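The structure appears below as structure tokens.
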Amino acid sequence: PRRIAYEVHSGHVNVGGRIPVGLKPKSLRVLVTGGSGFVGSHLVDRLIARGDSVIVVDNFFTGRKENILHHLKNPRFELIRHDVVEPIMLEVDQIYHLACPASPVHYKYNPVKTIISFLNRDHKTNVVGTMNMLGLAKRINARFLLTSTSEVYGDPLQHPQVETYWGNVNPIGVRSCYDEGKRVAETLTMDYHRGLNVEVRIARIFNTYGPRMCLDDGRVVSNFVAQALRKEPMTVYGDGKQTRSFQYVSDLVEGLMRLMEGEHVGPFNLGNPGEFTMLELAKVVQDTIDSNAKIEFRPNTEDDPHMRKPDISRAKELLGWQPVVPLQEGLPMMVSDFRQRIISNPKEGGS
Ligand code: NAD
Ligand code: UDP
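Start counting the sequence shown at 80; every next residue gets the next number (full-length UniProt numbering).
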């Protein structure tokens, strides 16, 4: 029989069936793979603040120690440099699996050999890394949360995207390493759930921005903000009429934690339905940083999705979640972090 997922005792959460009812653990033990990255480090902040014990497993491929520096002396925090492509044995109650090279710049702009090695890495992390973490979850009876992506919808033919839409992905395109990698990760997650009874959760994350993003990861919000701060032109790809929906990172973290604690497997779209063209985004950046910031048009990349906007009805209804930070409020918080980093270390992420 399926075990009861969680029992809540005075704000703490017990994994049903493993910890005897009445024995309230002081805190949960949580593993965050990719915890020194952008989203992971914000999640770690929230878990530590809640009183949990947190283990971060990260190979520092794109993560930075600075993101989690403030926890290093905390006895409830542990950092392990490890590649999830290799198995690892740890005792935890929950696993948030974020480890993945998430930035498009690596597979879009690097020379061919590098692209190939990054492509392989993407597949390996998504397939082998996810399998390792699911295997760990099964062995130690932990709940597993996969951070999938809106990219599983590819260049969507349905708008906005609902979780029941199967997507429109080019299997042999330049983005497919990421899109198909995450689709396989979702499949593995569901197979471990159905076949091996592992408790799983799947989040499909839409474009997210905020402090601690890599300055040079090539994503549009980080590019425009860094460019405007450095008085360089903002690079708009194509005609700039393609759309994305931008979510502030604290909203995402709230959604991930509600998903992990809730009763529903998902998948759940976690994103902000506020939809912007890239030209509109550039305008918001101008309004926030520098009204004289210039725009430079560049050829667009292959298979760039034309539009993207989450339908979040499912998350609203079943998780009681919706984003609360609009772009005009979230952007200034990211800008002050970027400004500080660019001033204190002009070379960080510079070309
Ligand atoms: P990020 O690059 O900042 O973080 C990823 C982290 O994973 C980094 O710390 C990196 O060093 C680590 N990592 C990569 N490969 C690893 C490996 N093999 N072993 C151990 N650690 C490894 O990216 P992010 O934006 O924080 O993304 C976190 C997760 O959310 C990813 O799974 C990503 O696919 C997903 N996601 C993010 C967005 C977004 O807009 N930020 C959108 C959709 C999905
Ligand atoms: N983009 C852009 N200028 C940039 C970087 C990206 O116009 O400097 C565009 C890109 O073509 C895409 C959108 O912004 O249409 C979002 O790109 P990003 O890489 O941030 O995320 P994803 O394509 O994965 O949604």
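Glycine included, each C-beta is placed from N, C-alpha and C at the ideal position.
Computed from a predicted model, the values in this text were never measured in an experiment.
Please state the DSSP three-state secondary structure of residue i.
i: Glu342; result: coil
i: Val315; result: strand
i: Thr243; result: coil
i: Arg418; result: helix
i: Pro411; result: helix
i: Arg291; result: coil
i: Arg309; result: coil
i: Arg81; result: At Arg81, the pLDDT of 31 sits below 50, so the modelled position is not reliable; the number obtained from the coordinates is stated separately. In the structure shown, Arg81 sits in coil (DSSP, three-state: anything other than H, G, I, E or B).
i: Phe347; result: strand
i: Val332; result: helix
i: Ser301; result: helix
i: Ser182; result: coil
i: Val279; result: strand
i: Gly101; result: Interpretation of Gly101 is limited by its pLDDT of 46, a score under 50 that renders its predicted location unreliable; the figure taken from the coordinates is listed afterwards. Correct three-state label for Gly101: coil.
Looking at C-alpha atoms only, which residue of the options is the closest neighbour of residue i?
i: Leu349; options: Tyr316, Pro389 and Met313; result: Pro389
i: Asp258; options: Gly274, Phe285 and Phe223; result: Phe285
i: Ser229; options: Lys203, Leu360, Lys320 and Asp383; result: Asp383
i: Ile174; options: Val163, Gln306 and Phe417; result: Val163
i: His149; options: Phe140, His121, Asn424 and Thr322; result: His121
i: Val363; options: Val344, Val300 and Phe117; result: Val300
i: Lys144; options: Lys203, Arg273 and Gly113; result: Gly113
i: Lys395; options: Phe355, Gly345 and Phe417; result: Gly345
i: Ser370; options: Ile147, Thr209 and Lys310; result: Lys310
i: residue 76; options: Gly246, Ala181 and Leu169; result: Because the chain spans 80 through 430 in this model, residue 76 falls outside it and cannot be assessed.
i: Pro250; options: Asp234, Gln240 and Val241; result: Asp234
i: Leu398; options: Phe355, Ile147, Met412 and Leu331; result: Leu331
i: Val315; options: Gly252, Ser115, Gln407 and Arg377; result: Arg377
i: Tyr288; options: Asp318, Leu406 and Leu308; result: Leu406
i: Gly119; options: Val241, Phe303, Leu335 and Asp318; result: Leu335
i: Ser415; options: Arg291, Leu177 and Gln240; result: Arg291
i: Val403; options: Phe325, Leu126, Ala361 and Gly341; result: Phe325
i: Asn153; options: Leu236, Phe417, Val123 and Gly116; result: Val123
i: His176; options: Arg280, Asn379, Gly319 and Leu308; result: Arg280
Under 7 Å Cβ to Cβ from residue i, same chain only, skipping five residues before and after it: list those, please.
i: Ile391; result: Asn348, Gly350, Pro352 and Gln401
i: Pro171; result: Looking at the sequence provided, one finds Val at residue 171 rather than Pro. Closer than 7 Å at Cβ, skipping near neighbours: Arg108, Val109, Leu110, Ile134, Ile219 and Ala221.
i: Pro312; result: Gln306, Lys373, Ile374 and Glu375
i: Leu213; result: Phe223, Leu267, Thr268, Tyr271 and Val277
i: Pro411; result: Thr367
i: Phe303; result: Met313, Leu360, Ala361 and Val364
Within its chain, find whatever has a CB closer than 6 Å to the CB of residue i; leave out the 5 residues flanking it on each side and keep chain order.
i: Gly409; result: Tyr327
i: Arg155; result: Ser132
i: Leu151; result: none
i: Arg262; result: Val231
i: Glu427; result: Leu294 and Arg420
i: Arg254; result: Asp382
i: Gln365; result: Ala372
i: Val248; result: Gly233 and Asp258
Say yes only if the C-beta of residue i is nearer than 8 Å to one or more non-hydrogen atoms of the ligand COA, and no if none qualify.
i: Met412; result: Absence of the ligand COA from the depicted structure is noted, with the ligand NAD and the ligand UDP being the only ligands included.
So residue i packs on residue j, CB below 8 Å; how close in whole Å?
i: Ala282; j: Thr243; result: With 8 Å as the limit, Ala282 and Thr243 do not qualify as a contact, their Cβ atoms being about 16 Å apart.
i: Met357; j: His238; result: With a Cβ gap of about 17 Å, Met357 and His238 do not count as contacting.
i: Ser423; j: Gly297; result: Actually they are not in contact, since the Cβ atoms of Ser423 and Gly297 sit about 22 Å apart, beyond 8 Å.
i: Pro180; j: Thr204; result: 6 Å
i: Gly260; j: Val206; result: 7 Å
Could you pull out every residue in the same chain whose Cβ sits closer than 8 Å to the Cβ of residue i, ignoring the five residues on either side in sequence?
i: Ile167; result: Val136, Ile159, His161, Asn211 and Leu215
i: Glu165; result: Asn211
i: Phe355; result: Thr322, Arg323, Ser324, Phe325, Val363 and Leu406
Requested in this report: Give, in chain order, every unbroken run of the beta strand (DSSP E) that is at least 3 residues long and sits entirely within the region 104–176.
Outcome: Complete beta strand (DSSP E) runs here, min 3: 108–112, 132–137, 156–160 and 173–176.
Mind pulling the beta strand (DSSP E) runs of 3 or more residues that sit fully within the region 219–264?
222–228
request  = Quick one: which unbroken beta strand (DSSP E) runs of 3-plus residues sit fully inside the region 353–406? Chain order, please.
outcome  = Whole beta strand (DSSP E) segments, 3+ residues: 354–356 and 374–377.
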